[in-house]
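Residue numbers (the numbering used here): 2 to 320. For every residue, glycine included, the Cβ atom is placed at its ideal position computed from N, Cα and C. As C-alpha cells, the structure follows; a few thoughts come after it.
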Amino acid sequence: MPRPTAAQTVPPPFPRSLAVIILLCMGCAFAGNHVAARVAFDDGAGVLLAILMRSGGTLLVLAILVLWQRQSLRLPAGAWRWQLLLGLLITAQSLCLYSAVARVPVALALLVANVFPILLALLTWALGGPRPSARTAILMGLILLGLVFVLDVPGRLSTTTDVSAQWLTGVALAFCAASVFACALWITDHKLSQVRGSVRSLLTIFIVFSSVNLAGLTGALPGGLNLPATSTGWLALATLVVLYGTGFIVLFISVPRLDMPRNAPVMNIEPLATLLMGWIVLDQMLSKGQILGGVIVVTGIVLLTYRKSVVKAEVKASA
Numbered sequence: 002m003p004r005p006t007a008a009q010t011v012p013p014p015f016p017r018s019l020a021v022i023i024l025l026c027m028g029c030a031f032a033g034n035h036v037a038a039r040v041a042f043d044d045g046a047g048v049l050l051a052i053l054m055r056s057g058g059t060l061l062v063l064a065i066l067v068l069w070q071r072q073s074l075r076l077p078a079g080a081w082r083w084q085l086l087l088g089l090l091i092t093a094q095s096l097c098l099y100s101a102v103a104r105v106p107v108a109l110a111l112l113v114a115n116v117f118p119i120l121l122a123l124l125t126w127a128l129g130g131p132r133p134s135a136r137t138a139i140l141m142g143l144i145l146l147g148l149v150f151v152l153d154v155p156g157r158l159s160t161t162t163d164v165s166a167q168w169l170t171g172v173a174l175a176f177c178a179a180s181v182f183a184c185a186l187w188i189t190d191h192k193l194s195q196v197r198g199s200v201r202s203l204l205t206i207f208i209v210f211s212s213v214n215l216a217g218l219t220g221a222l223p224g225g226l227n228l229p230a231t232s233t234g235w236l237a238l239a240t241l242v243v244l245y246g247t248g249f250i251v252l253f254i255s256v257p258r259l260d261m262p263r264n265a266p267v268m269n270i271e272p273l274a275t276l277l278m279g280w281i282v283l284d285q286m287l288s289k290g291q292i293l294g295g296v297i298v299v300t301g302i303v304l305l306t307y308r309k310s311v312v313k314a315e316v317k318a319s320a
C-alpha cells in the first residue's frame, strides 16, 4: 500500500463563510479579553496577575494538546536564543498593552497598538528587506492619518487644557506594545520560520508565564500581583482567561483549515469590537472624530496586511 503523501495529510480548508465566522469570533474573543482586563484593573487587580492567569491557563491546555500530538520540542541549531528573545518580547508586549488598557480607553489602546504593520514594514526595510512599495507607503500614510484622529490631535491642539500624564503614559505604552510586537513578528518570520507553529506557541507562552512569575516574585512591578477587591474583579479575570484561552486554542487548532493568507485580515475586527464592548461594558465612548479615525486605521491595516503570512496571526494570538 502506498504511503500517504503530504498533500493527502493536509486537512481541507473550511468553506470561506465558516472560516470568516470563526475568525470574527476569535477577534471578538480577544477584544473581550482586553475589556475584561480593564474591569479587573478597575477593581484593583494587578497587571501581572492578569497576564499570569491568562498565560497559565493557556499554557496548560496547549501543553496537553502538544503532548497528545506527541510533538517534539527540539528546535533547530541556534534557534533557542531567538525563541527566548521572542518569548521575552511577547512578555514585554503583554505588559505594555495591559498597562495601556489600565490607563486609557481600551479601544484607544488597541487602535494605537495595531499600527504594528507599519513598524514591521519599516523594520524589515531597515534590516535589509525590501523597500516598502508605493502602495504600502500610501496605506501607511492612511493609517497615520487615521491615528491622528484616533488620538484627537486636532481637538487637543485647539484646547488650552493640559494633556494628563495618565493619558500620555497609556498612549506611549500602547505604541511601545506595537513596536515590540513588530520586532517579535520579524524574529518569527526570519529566525523561527522553520519551527512548527504549535511548538513555537507553546514555548512562547511558557516563557511569558515564567517571566511574569519571576517579575512578581522579585517585585519588579509594584502592585503587579494585587488581588481584585470584589467578586466583580475575580469574575472579570475568569472571563479574561476563558476568552483569551478559547481564542488562542481555536486558532491553534483551526489555522491549517482557515486559509489565513486570504482570510487573516478579518481578525482586524478586534479594535472595532473593543470599541463596541468598551461602550457597552465600561461606558467608554470615543468621539465621532476618533471613531472615524478608528475606521480609517482598521481599513488601512486590513489592506496593508492582506495576503500576509499566517505567522502574524499565530504570534498575535500568543500576545
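Integer Cβ distance of Q84 from L90, believed to fall under 8 Å: That belief does not hold up - the Cβ atoms of Q84 and L90 are roughly 11 Å apart, past 8 Å.
Sufficient close CB pairs (3 or more, under 8 Å) joining the region 68-82 to the region 21-36: no
Where S175 falls, given that 16 or more other Cβ within 10 Å makes a residue buried: Residue 175 is actually Ala in this sequence, not Ser. Counting Cβ neighbours within 10 Å, A175 comes out buried, since at least 16 surround it.
Residues near R132 in its chain [Cβ-Cβ closer than 7 Å; skip 5 each side]: W126
L112 to V299 span [Cα, whole Å]: 8 Å
Nearest-angstrom Cα separation, counted from R258 out to C177: 33 Å
DSSP state of D44 mapped onto helix, strand, coil: coil
Beta carbon of G156 nearer than 9 Å to that of G290: yes
Three-state class that DSSP yields for G301 in the structure shown: helix
Alpha carbon of G224 to alpha carbon of L49, nearest angstrom: 8 Å
Close beta carbons around M54, own chain, < 6 Å, minus the five adjacent residues each side: L238, V242
The region 177-190 in contact with the region 137-152 per 3-pair CB rule at 8 Å: no
Residue environment, S18, which counts as buried when at least 16 other CB atoms sit within 10 Å: exposed
Pair within 9 Å by beta-carbon distance, P118 and I270: no
Contacting residues, own chain, Cβ-Cβ under 8 Å from P5 (five flanking each side not counted): Model confidence at P5 stands at a pLDDT of 45, short of 50, so the residue's coordinates are unreliable and nothing is read from them.
Where S323 falls: helix, strand or coil (DSSP): For residue 323 there is no data in the structure shown, the boundaries of the chain being 2 and 320.
Where the alpha helix (DSSP H) through D190 begins and ends: 166-191
Residue interval of the alpha helix (DSSP H) (run including A114): 107-114
Within 9 Å, strictly: CB atoms of V116 and L86: no
Selection from W69, L140, W235, V105 that minimises the alpha carbon distance to A46: W235
DSSP three-state assignment for S288, whether helix, strand or coil: coil
Three-pair Cβ contact test at 8 Å for the region 266-280 versus the region 54-66: no
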